[in-house]
Structure formats: C-alpha cells, structure tokens
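K.L.:
Can you read through this structure? Questions will come right after.
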C-alpha cells in the first residue's frame, strides 16, 4: 500500500492539535485543562476534617436552564453532588432512594406544596441537620466547526466547543426551613479538536464518556466549587444529636461509629422547649434551649453511643447533644506528664557536645560513635547520635539509631518521642508506630504522640486509625486545622 506524505503544514497542525488534546497542564494545555488543575488545587485547600459527620440530604435539582436534551438534570446533578459530598468525608448523606420514598409517602406532590417549603417536616422524618437544594441555571454548549483545507484528497476540519454550567445551591436548616446560605457557582470548559462528535445515547451523568466532554468537565468544576462552598459553610453549623434514653449513669445517644463518634468525645446537653411558630407564615423559627450538663462517650456502637455524665442532671429522651472538644468541657481528662531524668553525659559525649558547639559535626559524630562502641548502652550518646544523623540527613543511619534509642529509653517519653519523630523522618513508619505505641502506653493522653501517630498512620494508609488518634488529640486540646462541628 502506498502512503501519501502529509504536507509539512498539515502535519504540524495535526501534531499541535493532538498535543492540546492530551496535555493536562503547562504551556500546551487548553484553558479548560488549566482550570481543572486549578480547581483541584481549590479542593485540596480544604483542611483535613476530624469532627463528627453531619447528616444531610441532597434533593433533586430544578432545571431552570434552557436545556431540553436527554440528560436528566434534576437527578443527575443531585447524584453527582451527593457523590462529591461523600468523598469530602465530612458528611453522611441520606440515600437518594430513601428521600424519594419519604417524598412519596408524605405525598408532597399532590398537596401542591413545594419540597423546600416542607423542609422541616422532611427533615424531621429523615433526621437531617441540613437539606441541600439546587437549581441548574445554565447548561449549555456551543460548537464551531470550520472547513480547514484539503491536500491530495485529504480534508481537514477544525472544531471548537465551549461549555458552561451554572448551578445555584441553597443550604436549608432542616428544623426551621430557613435558608442558611446560598451561592451560585459556575464551571467552564472548552475543547479544540479535528472534529468533535458524540452521541447522546450514551451521554449521561456518571459515565466516562460524559466526563470527557466539555459539558462533563464544566459540570464537574461546578460540582467541585459547590462542595467547597457547602463544606466551608457547614463548618459554622454545630454537630447535633439526640438523647435516646437515660439509664442510671448511662446516657444513650443516637449517633455512633457510622457518624464519626469516638470514645472520649464530649457533648454539651440541652433541654429543648416547644417550637416557636411564626403566626403569619406558619414556619418554625426554632425552639428555646437550656444547657443542662455535659457527657463523655465511653462506648461506641455502629449506630449509637453510650456516655457517662460529667456534670448535670435530669437528662431525658430527645434532649439535644452538641459536640465540643473535651478540653472545653469542665472535668475533661487531664493530660498526663511523666518526668524522667535525662541520661548522664559520659566524657566522650561531653567532648562531642563541645565539638558541636564549634560547629564540628564530623568530630562530634566520631566521638559519639566511639562512645557507643565502648558502651552500646550509653543512652546520652544514642540520643545525640540520632540528632547528629538527622542534621546530616543520613536517614539510613537515623532509623537504626532511633530504634536503638527507643530500646535504651523505653520508659522515657521525651526520648521515645524523639526516636519516633526520627523514624518517621527516615521513612521507617512501622518503627515509628511501634515506638509511639510504647509511649502512649506510658502516657495515653500524650497529645504530641497522638498527633504524630495520626500522621504516620495516614502515611501507611490506615485512615481509620489516623482519624481516631487525631480525634483523641483534639479532645485533649490540640488545635487541629479543623476539628469541625463546633
């Protein structure tokens, strides 16, 4: 078969356009691709979340755009937003089918009332803290296709597609029906290619085919922005639950492990009076609350938890519980401290410190190595050895030196913390966890050790353990990037 050579100009155009289609960032990226990279950066700005997970419901979107195609915007947008909210790891989202069942059971459509106006009633049935309503304001794509040129029977056409998706988000208090906040967000995307064509028969939310289109990319950008808005705004809404029952000194709360409750968590408890109803609109405006005490969680089950009374009396079914860091509650457990005398310097260690004061790290290290050769149990030399190897960034030597220090000073919290930090810096995460486990056996409320173990466990992929330790640290007073729900 004889292949016709492409003209140089034509070849250059093909290479240029192909490059634009496959590059995600950098000088050759399209504006849509650059925006996508920037948007990922916006999502990454959300700090880690360590508070209990709030229960929310995402309602079907309303289509207020001019789009008349085959896509189901109402359910498709709601499903996409639900998936993104779940991935934020800040919320429990009511199953979409459960919402539909409740709406059908309550017969809202036949009564002529809008779903949003009935938010308090739906919220009570679903037991949510907030309901999320959305509208699609714009869902459009424009395409331009021009005839390029022909060469020896080969015709080349150029196409340019631009998409814009705008959605309006409203956060509604499930108790009062009042709008907590609202915001309009927009996503844009474009694509340049040698012809752009796709069929609507496989064109639906959640498919890889849709995700690759300009409309799919613009939708995802708008959804991401909506999630950032929701997460940031809901930080201002305290996490709440309810007392199921009080049995002697045990108080049962209607939230457990599934909602992120952990042993050691504390709640303030409020008795809630009768709802205040606006006589004109009939809307609930809230209810008066009186603080009656505080609780500390002692046992956690998947769907409920058991707490002991820290202070207060008269706890009863339906009382409101609000999450607070334990350090803010009177009577929260104190942080233990254990002072252990530092190891005594031997003559060679003293000389090493003198050399170090003159910035002679090499000489200091030789003295330390000599001291350990003479006496492997020289704890002062072992501690200085770790510090010197760290300053040299000699991580191959750091890990065994830190492990040796941990074995020599197994009852010294300060030495164990130094050893664990050094093991973590050297990438010896298993060794760091072992050392921190020993430290936390000595001092269960050692905040720095809990935070460090949380970070190390996150590096190893143990998200559940990382979350547990950070929650304990927060309850002991650690100021995390965000404790959430307070």
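Numbering (our numbering), first residue to last: 1 to 486. Where a beta carbon is used, it is the ideal one built from N, C-alpha and C, also for glycine.
What's the C-alpha gap between residue 394 and residue 75?
P.N.:
Taking the chain shown and counting its residues from 1, the one referred to as residue 394 is at position 394. Taking the chain shown and counting its residues from 1, the one referred to as residue 75 is at position 75. Whole-angstrom Cα-Cα distance: 56 Å.
K.L.:
Tell me whether residue 457 is buried or exposed, calling it buried when 16 or more other Cβ atoms sit within 10 Å of its Cβ.
P.N.:
Here the question's residue 457 lines up with position 457 in the chain shown. So residue 457 ends up on the buried side.
K.L.:
Rank 433, 256, 365 by C-alpha distance to the C-alpha of residue 459 and give the top, closest one.
P.N.:
Here residue 459 is taken as the residue at index 459 of the chain shown, counted from 1. With distances taken between Cα atoms, residue 459 lies closest to 433.
K.L.:
Out of 255, 301, 357, state which residue places its alpha-carbon closest to the alpha-carbon of residue 127.
P.N.:
For the purposes of this step, residue 127 is taken as the residue at position 127 of the chain shown. Closest option to residue 127, Cα to Cα, is 255.
K.L.:
Counting along the chain, where does the beta strand (DSSP E) carrying residue 55 start and finish?
P.N.:
Stepping through the chain shown from its first residue, residue 55 is reached at position 55. That run of the beta strand (DSSP E) goes 54 to 58.
K.L.:
Indicate whether residue 261 and residue 120 have their beta-carbon atoms separated by less than 8 Å.
P.N.:
On the chain shown, position 261 is the one that residue 261 refers to. On the chain shown, position 120 is the one that residue 120 refers to. No, Cβ-Cβ distance for residue 261 and residue 120 is not below 8 Å.
K.L.:
State the Cα-Cα distance for the pair residue 411 and residue 375, rounded to the nearest angstrom.
P.N.:
Along the chain shown, read from residue 1 onward, the residue named residue 411 stands at position 411. Along the chain shown, read from residue 1 onward, the residue named residue 375 stands at position 375. If you take the alpha carbons of residue 411 and residue 375, they lie about 20 Å apart.
K.L.:
Indicate whether residue 397 and residue 422 have their beta-carbon atoms separated by less than 8 Å.
P.N.:
Within the chain shown, numbered from 1, the residue matching residue 397 stands at position 397. Within the chain shown, numbered from 1, the residue matching residue 422 stands at position 422. Contact: no.
K.L.:
If we count the other Cβ atoms within 10 Å of its Cβ and call it buried at 16 or more, is residue 418 buried or exposed?
P.N.:
Working through the chain shown from its first residue, we reach residue 418 at position 418. Buried, since its Cβ has 16 or more Cβ neighbours within 10 Å.
K.L.:
Leaving out five residues before and five after residue 184 in sequence, what residues of the same chain have Cβ atoms less than 6 Å from its Cβ?
P.N.:
Start at 1 with the first residue of the chain shown, and residue 184 comes out as number 184. Same-chain partners within the cutoff: 168.
K.L.:
Reducing DSSP to helix, strand and coil, say where residue 309 ends up.
P.N.:
Position 309 of the chain shown, counting from 1, holds the residue named residue 309. Three-state DSSP puts residue 309 in a strand.
K.L.:
In terms of residues, what are the limits of the beta strand (DSSP E) holding residue 251?
P.N.:
As a working note, residue 251 is residue 251 in the chain shown. That run of the beta strand (DSSP E) goes 250 to 253.
K.L.:
What beta strand (DSSP E) runs, 3 residues minimum, are completely inside the stretch 358 to 410?
P.N.:
Counting only runs of 3 or more, we get nothing.
K.L.:
Using DSSP bridges, identify the partner residues of residue 140.
P.N.:
The count along the chain shown starts at 1 and reaches residue 140 at position 140. Its beta-bridge partners are 164.
K.L.:
Could you check whether the stretch 294 to 303 touches the stretch 340 to 351, counting it as contact only if at least three pairs of C-beta atoms, one from each stretch, sit closer than 8 Å?
P.N.:
Output reads no: the stretch 340 to 351 does not touch the stretch 294 to 303.
K.L.:
So, using beta-carbon positions, are residue 442 and residue 450 closer together than 8 Å?
P.N.:
For this step, residue 442 is matched to residue 442 along the chain shown. For this step, residue 450 is matched to residue 450 along the chain shown. Against a cut-off of 8 Å, the Cβ pair of residue 450 and residue 442 comes out as no contact.
K.L.:
What is the rounded straight-line gap between the Cα of residue 491 and the Cα of residue 405?
P.N.:
Nothing about residue 491 can be reported from this structure: the residues present for the chain run from 1 to 486 only.
K.L.:
So, under 8 Å CB-CB, residue 246 and residue 316 are touching, yes? Tell me the CB distance rounded to an integer number of Å.
P.N.:
Numbered from its first residue, the chain shown carries residue 246 at position 246. Numbered from its first residue, the chain shown carries residue 316 at position 316. Correct: roughly 6 Å between the Cβ atoms.
K.L.:
Along the beta strand (DSSP E) that carries residue 296, what are the first and last residues, could you check?
P.N.:
Within the chain shown, the letter at position 296 stands for residue 296. From DSSP, the beta strand (DSSP E) with residue 296 extends over 289 to 300.
K.L.:
As a quick exercise: from 71, 138, 135, pick the residue whose alpha carbon is nearest that of residue 204.
P.N.:
Against the chain shown, residue 204 aligns to sequence position 204. Out of 71, 138, 135, 71 has the C-alpha closest to the C-alpha of residue 204.
K.L.:
Which term fits residue 273, buried or exposed, when burial requires 16 or more other beta carbons within 10 angstroms of its beta carbon?
P.N.:
Indexing the chain shown from 1 puts residue 273 at position 273. When all chains shown are included, residue 273 counts as exposed.
K.L.:
Cβ atoms of residue 372 and residue 364: under 8 Å apart, would you say?
P.N.:
Here residue 364 refers to the residue found at position 364 of the chain shown. Here residue 372 refers to the residue found at position 372 of the chain shown. No, the pair does not count as a contact, with Cβ atoms beyond the cut-off.
K.L.:
Alpha carbons only, please: which of 170, 387, 163, 207 is nearest the one belonging to residue 186?
P.N.:
Position 186 of the chain shown, counted from the first residue, corresponds to residue 186. Nearest of 170, 387, 163, 207 to residue 186, Cα basis: 163.
K.L.:
Which residues in the same chain as residue 452 place their Cβ atom closer than 8 Å to its Cβ, once the five residues preceding and following it in sequence are excluded?
P.N.:
For this step, residue 452 is matched to residue 452 along the chain shown. The answer, listed in chain order, is 417, 420, 421, 424, 432, 436.
K.L.:
Taking the runs of the beta strand (DSSP E) that are 3 residues or longer, which of them lie wholly in the stretch 260 to 285?
P.N.:
For the stretch 260 to 285, whole beta strand (DSSP E) runs of length 3 or above, ordered along the chain, are 266 to 272.
K.L.:
Do residue 141 and residue 159 count as a contact pair if the criterion is CB distance below 8 Å?
P.N.:
Position 159 of the chain shown holds residue 159. Position 141 of the chain shown holds residue 141. For residue 159 and residue 141, no; Cβs fall outside 8 Å.
K.L.:
Is it buried or exposed, residue 471, if we count other Cβ atoms within 10 angstroms and call 16 or more buried?
P.N.:
Within the chain shown, residue 471 is the residue found at index 471, counting from 1. Per the 10 Å Cβ criterion, buried.
K.L.:
According to DSSP, is residue 339 helix, strand or coil?
P.N.:
Translated into positions along the chain shown, residue 339 becomes position 339. Here residue 339 sits in coil by DSSP.
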